[in-house]
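Numbering (my numbering), first residue to last: 359 to 656. This report concerns only the one structure given below.
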Amino acid sequence: MSTFEHPHPPTPPSEDQKPPGILSDDVHVTSDDDTIPVPSDDLITSALPAAHTTISEAERKAALRADAEARTKLLADPSADPQSHFRALFHSLIYWDKPIKSGIALSSTLLFLILSSYFNPLRFIAGLWSLSILGNFVFVHAMLQYKRITNKPPSNPHDSRLKAAEIGLLEKSKIDQWVSLAVDGINVAAQAGGKIVLIEDSHRSLTWAAWGFATYVLAGWISTRWILGLATLLSFSLPKLYIENKVIVDDHVTKASVIAREQADKAHALAQKHAGPYYDKATALGQQYGLVSKPKAE
């Protein structure tokens, strides 16, 4: 036997005998002054909720009908607050509660975006206005000359329409209703935007900031009409696809959310650990120069 050979190879230490710094299944990052728990995959898996129970097609359709009926009742309720009303209206369109109305909204929006790329809307309105006036001018004077030739009393062929115009084409109550609805919509948008900008919810504000930055980048490469068209198509298609596959999507989103939150908590703990000494030094330096008030003695 060689002097360098050992008759009995040493056995590896057990989990209880492992010195600090050796990572086990329940991983812990140890240091001289602190211990930061880092959950393992088993712990993350155990924290996940149980899998969704499968539902039948009839139950899924019944739930969708109930949601649609709830939105319809909310839209018909005059006492509903504006924010709930507009949310129900938007969801009713993108979830295709009334396919004809949703189809009209989608097609008219896309049609306007497509047509606006071929003509200037202001020029179109001004040209249509001019042609309407000139066309009616020729028609009215032609009819007046015809009545004079046929010995009939000359009169404007649009007399009945002119009298209706004097009465009013629109009812004031309808105008007041639409103006009130527009004002409510502006207020709802302003309130929602203010909550996002003033950081009422950090996660929501960061999400909207990411969407804004993505739009800013895309606007440098893609036409605004294409961005609006793509956003319109996604708004009218993704929600419908989601409710058709809600169970599967929710299950994957829940698992991903739990894992992402665990990783974020771990990163936050590590950041606090490493930033702690620097924070203490900055506080002491600020107190030394009078920039930070010293804690009062008890």
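Idealized CB from N, CA, C, for every residue including glycine.
Whether P512 touches L502 by CB criterion (8 Å): yes
Coil, strand or helix - A463 by DSSP: helix
Stretch pair the region 425-436 + the region 452-460: three plus CB contacts closer than 8 Å: yes
Rounded separation between S531 and S538 - CA only: Approximately 10 Å, taken between the alpha carbons.
C-alpha gap between A319 and R562, whole angstroms: Past the edges of the chain, shown from 359 to 656, lies residue 319, and the structure says nothing about it.
Counted within 10 angstroms of its Cβ, other Cβ atoms place A547 as buried (16 or more) or exposed: exposed
Straight-line gap, E558 to L489 (C-alpha atoms, nearest Å): Each residue's alpha carbon lies about 52 Å from the other.
8 Å contact criterion, which I452 and F594 should meet: CB distance rounded: Contact flag correct, Cβ pair sits at about 6 Å.
Buried versus exposed call for A622 [16 or more other C-beta atoms within 10 Å across all chains shown]: exposed
P597, enclosing alpha helix (DSSP H) - first and last residue: 582-602
For H499, the first and last residue of its enclosing alpha helix (DSSP H): 479-507
A484 to L469 span [Cα, whole Å]: 20 Å
Supposed contact pair A446 and L464 - C-beta distance, whole angstroms, cut 8 Å: The Cβ separation is near 18 Å, so there is no contact.
Start-to-end residues for the alpha helix (DSSP H) that takes in N545: 530-555
Residue interval of the alpha helix (DSSP H) (run including S563): Segment 560-577, the alpha helix (DSSP H) holding S563.
K624 to A618 span [Cα, whole Å]: Answer to the nearest angstrom: the Cα atoms are 10 Å apart.
Cβ neighbours of A408 in the same chain (closer than 6 Å, five flanking residues each side left out): Note on A408: pLDDT 44, under 50, position unreliable in the model; the coordinate value appears next. The answer is none, since no qualifying residue turns up.
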